[in-house]
Amino acid sequence: MRKEWLQRLRDEVAQAWAVAFKDMRVYYLRPGMIMFGFLMPFFMFFSFSVRREMAAAQGVARLLALTVFFTAAAAGPFIIPLERRLGTYDRLLAAPMSLLSLLLGKAAVGACFAIGVSAIALIVGVVAFGAYIAHPWMLVGGVLLGAFSFSALGLVFGSIPTRNPGDVQMPSTLLRWGLLFISGVFIPLEEMAPAARAVAYLSPLTYAQDLMNHAVLGMGLLSPWLDLVVLLFAGILFLLPSIWMHRRSRRLGY
Amino acid sequence: MANAIEVHNLTKYYGDLLAVDHISFEVRQGEVFGFLGPNGAGKTTTQRMLTTLLEPTEGRIIIWGHDLARDPYVVKRQMGLVPEESNVYTELTAWENLMFTATLYRVPRAERARRARELLETFGLWEKRDVKVENFSKGMRRRLSIAMAIIHRPTLLFLDEPTPGLDAQSARAIRDLIRRLNAEGTTVFLTTHQIEEANQLCDRVAIINHGRIAAIDTPERLKAAFRRVQSVEVALEPDGQVHGGPLGALPGVSTAVKMGDKWRLYTEDPSALLPQVVRYAESHGLRVVSLSTLGPSLEDVFLEITGQQVGTVQHETRERGTRRAMGEGDRRRRG
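Put into structure tokens, the structure is as follows:
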């Protein structure tokens, strides 16, 4: 029994990775991914940073948080509706794998993309801005958990029962921009009014930014452990509506 | 013989719309089972429920003895699915598509490459294995889609409209392949609206109409049950095309349908009609170029059952001599 369970677990991991690897091959160079996942965080960073007095390290911490956030959340809303439209999603749903494994495979696509683009952002920060990483382990933990959490957030939108990626892009973009402006990325948490700060605490991006501040600047407002735990739980929490919506899609016929 | 599929009281509502209405049937191990119906009859909805892609509103599906709702994992490993649209990954090569599917179905690593090569050779795609599928023709994509569906050697294969849109050569190759798979022991569930295809391939067919099973039987028994759609086909010269009215008025003819340069006269008694046709030709100084009797085709049966027109005239009588699906006619449509 235990052996069967282990075999099943091994199968599920292999299947999830196969889905992720296939998606990377198929979708990484799609315009939607390049625009929302690669160019957007850099555009945002330069839009809000150029001609402002800001230490290099502060800019790098911001760039990293933006990169993880935008890039990880870019894949989910785009891939699943597109696959539904092309009929290829049926292939995955009919395969002998659990829905959770399928979703984790899909989440891994955005997460891996975010990790890769963050590495580029980090190299830009260190080489161009001369940034110094105070706590590398926090950087690694923050990028990994942030990538997972925001990728799972993107999946929530991808799981909406529709075959049209356009139906999903609008609400997902609105939410991402909304989170961006309430999360202490452009206005540090310590400078926020208490009410604004209370709202900021509702956003997982706040914790990712705080963790990047710890990692790069060596200081943040919250405990880095709290940041890590919130990001982890947010990622798990974001999978629940995706599961629910997939079950609903199965009832509705999407 | 064991049943591959048992369907009990299967029902699907989309909101208030009743798409599949308490249908029950079984598919026997080793047979090619055709699922026929006009557009919107509930064919694809039924197939999607059988392949776990759609949740039934009501009813039970047993596949290879496993309840699909309770134990989908075991069943999914034994089934292959070829949907109506060839859902291949166009950005990947044929080889990569097969390798991905093999991984998804946990084909042992050592067997993947061997099996992929075997299938690509069988389907005539080996030379194109490293070409991206976006450069493939429709027929090639279809063949690849079928190869992907059988890479794990499923014991039950679902095919949804496998040949429409293909050239005659590709369609024939796919029909031959279905026969070969079936001969090797694969049970096939074929959803189609191509009646001749079902006639050629299927051991039994079910005809679904308005969400209900209207008839299930072998093609030949279905045809035998619809003897009134037998016909006499005649070609006359000269000016054979202008005699439709008088020929249609001969005693016993229910409908006269022009078929190219011929007239097809539907009748319950072709032997009684033949001498009348000959007499008609003689009395009008016409030469009989050809004269033949035809049994009912599966298409005629299908049109009768689904209430569509045979040729130009709607048959109004609705006696059905064929074996009916359980409860047909008793169920009231809701919603």
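Protein chains in written order, with my numbering: chain A, 534 to 787; chain B, 136 to 470.
Ideal placement from N, C-alpha and C gives every residue a C-beta, glycine not left out.
Supposed contact pair residue j and residue i - C-beta distance, whole angstroms, cut 8 Å
i                 : j                 : result
THR441 of chain B : PRO173 of chain B : 5 Å
LEU722 of chain A : LEU772 of chain A : Not quite, the Cβ-Cβ distance comes to about 27 Å (not below 8 Å), so this is no contact.
ILE309 of chain B : ARG277 of chain B : 7 Å
GLN365 of chain B : PRO405 of chain B : 5 Å
PHE681 of chain A : GLY609 of chain A : Not quite, the Cβ-Cβ distance comes to about 12 Å (not below 8 Å), so this is no contact.
ILE330 of chain B : PHE437 of chain B : 5 Å
LEU185 of chain B : ILE196 of chain B : 6 Å
TYR787 of chain A : THR695 of chain A : 7 Å
TRP199 of chain B : ALA248 of chain B : Not really, about 28 Å apart at Cβ, beyond 8 Å.
LYS397 of chain B : VAL369 of chain B : 6 Å
Backbone CA spacing between residue i and residue j [nearest angstrom]
i                 : j                 : result
HIS328 of chain B : TYR561 of chain A : 39 Å
GLU141 of chain B : TYR734 of chain A : 54 Å
HIS779 of chain A : ILE693 of chain A : 8 Å
ALA607 of chain A : LEU596 of chain A : 16 Å
GLY446 of chain B : THR390 of chain B : Residue confidence for GLY446 of chain B is low, a pLDDT of 44 falling below 50, so the modelled location carries little weight; the figure read from the coordinates is stated next. When rounded, the distance between both Cα atoms is 8 Å.
LEU615 of chain A : VAL601 of chain A : 23 Å
ARG617 of chain A : THR187 of chain B : 15 Å
ALA789 of chain A : PHE719 of chain A : Past the edges of chain A, shown from 534 to 787, lies residue 789 of chain A, and the structure says nothing about it.
ILE613 of chain A : GLU439 of chain B : 42 Å
ARG93 of chain B  : PRO629 of chain A : Because chain B in this structure spans residues 136 to 470, residue 93 of chain B falls outside the shown range and cannot be described.
VAL268 of chain B : ALA594 of chain A : 42 Å
ASP700 of chain A : SER684 of chain A : 18 Å
ARG455 of chain B : VAL367 of chain B : Unreliable placement is indicated for ARG455 of chain B, whose pLDDT of 34 sits below 50; the coordinate value is still reported in the next sentence. One C-alpha to the other measures close to 22 Å.
GLU545 of chain A : ALA627 of chain A : 14 Å
LEU483 of chain B : GLY395 of chain B : Nothing about residue 483 of chain B can be reported from this structure: the residues present for chain B run from 136 to 470 only.
GLY717 of chain A : VAL673 of chain A : 20 Å
ALA551 of chain A : ALA349 of chain B : 43 Å
LEU632 of chain A : TYR622 of chain A : 12 Å
GLN449 of chain B : LYS393 of chain B : Residue placement at GLN449 of chain B is poorly supported in this model, since its pLDDT is 32, which falls under 50; the coordinates still yield a value, given next. Distance between the alpha carbons of GLN449 of chain B and LYS393 of chain B is about 15 Å.
ARG458 of chain B : ARG339 of chain B : The predicted position of ARG458 of chain B is uncertain, since its pLDDT is 36 and thus under 50; a value taken from the coordinates is nonetheless stated next. Looking at the two C-alpha atoms, the distance is approximately 12 Å.
THR257 of chain B : ILE285 of chain B : 12 Å
ARG356 of chain B : LEU171 of chain B : 16 Å
GLY592 of chain A : LEU655 of chain A : 11 Å
GLY658 of chain A : PHE603 of chain A : 17 Å
LEU761 of chain A : ALA644 of chain A : 16 Å
PRO207 of chain B : LEU677 of chain A : 33 Å
ASN144 of chain B : LEU625 of chain A : 27 Å
LEU764 of chain A : THR180 of chain B : 40 Å
ALA311 of chain B : VAL223 of chain B : Note that residue 311 of chain B corresponds to Asp in the displayed sequence, not to Ala. Taking the straight line joining both Cα atoms gives about 22 Å.
TRP230 of chain B : ARG730 of chain A : 53 Å
ARG784 of chain A : LEU637 of chain A : 22 Å
MET671 of chain A : GLU220 of chain B : 47 Å
ASP743 of chain A : LEU688 of chain A : 24 Å
PRO704 of chain A : GLY565 of chain A : 15 Å
ASP156 of chain B : GLU296 of chain B : 22 Å
ALA137 of chain B : SER159 of chain B : 16 Å
ASP374 of chain B : ARG399 of chain B : 16 Å
ASN697 of chain A : ARG558 of chain A : 21 Å
Heavy atom of the ligand GTP within 7 Å of residue i beta-carbon
i                 : result
ILE715 of chain A : Questions concerning the ligand GTP fall outside what the structure shown contains, since it holds no ligand whatsoever.
_Residues of the segment 268-280 of chain B with Cβ closer than 7 Å to any Cβ of chain A, in chain order_ = none
*In chain order, what residues of the segment 211-238 of chain B put their CB closer than 7 Å to some CB of chain A?*
LYS211, ARG212, LEU216, PRO218, GLU220, ASN222, TYR224, GLU226, LEU227, PHE235 and THR238
*Report the residues of the segment 607-629 of chain A with a CB closer than 7 Å to any CB of chain B, ordered along the chain.*
LEU619, GLY620, THR621, ASP623, ARG624, LEU626, ALA627, ALA628 and PRO629
*Is the segment 155-174 of chain B touching the segment 311-329 of chain B in the sense that three or more CB pairs, one from each, lie closer than 8 Å?*
yes
*Listed from N- to C-terminal order along the chain, which residues in the segment 188-210 of chain B have their beta-carbon within a distance smaller than 9 Å of any beta-carbon of chain A?*
LEU188, LEU189, GLU190, THR192, PRO207, TYR208, VAL209 and VAL210
*Residues of the segment 718-734 of chain A with Cβ closer than 8 Å to any Cβ of chain B, in chain order*: none
*Output, in sequence order along the chain, the residues in the segment 537-562 of chain A whose CB is closer than 7 Å to any CB in chain B.*
ASP544, ALA547, GLN548, ALA551, LYS555, ARG558 and VAL559
*Closer than 9 Å, Cβ to Cβ, to anything on chain A: give me those residues from the segment 154-188 of chain B, in chain order.*
ALA154, THR180, ARG183, THR186, THR187 and LEU188
_Three or more C-beta pairs under 8 Å: does that hold for the segment 408-415 of chain B against the segment 379-389 of chain B?_
yes
_Segments of 3+ residues assigned as beta strand (DSSP E) that fall wholly inside the segment 308-396 of chain B_ = 322-327, 339-344, 347-352, 365-372 and 388-394
*Does the segment 734-753 of chain A come close enough to the segment 664-672 of chain A to have 3 or more Cβ pairs within less than 8 Å?*
yes
*Is the number of C-beta pairs between the segment 212-232 of chain B and the segment 286-304 of chain B that are closer than 8 Å three or more?*
yes
*asked:* Along the segment 770-787 of chain A, where does the CB come closer than 9 Å to a CB of chain C? Name the residues.
replied: Protein chains in the displayed structure are A and B, and chain C is not among them.
*What runs of the alpha helix (DSSP H), each 4 residues or longer, lie entirely inside the segment 268-297 of chain B?*
273-285
_Threshold first: 4 residues or longer. Then list the alpha helix (DSSP H) segments lying entirely within the segment 745-787 of chain A, N to C._
757-785
*Answer yes if the segment 634-642 of chain A comes into contact with the segment 736-750 of chain A, meaning at least three C-beta pairs across the two stretches below 8 Å, and no otherwise.*
no
*Could you name each continuous alpha helix (DSSP H) segment of 4 residues or more that falls completely within the segment 598-660 of chain A, going from the start of the chain to the end?*
621-626
_Whole runs of the alpha helix (DSSP H) within the segment 150-198 of chain B, excluding any shorter than 4 residues_ = 178-185
*Got a sec: which bits of the segment 240-266 of chain B sit with their beta carbon under 9 Å from any beta carbon on chain A, in order along the chain?*
TYR240 and ARG241
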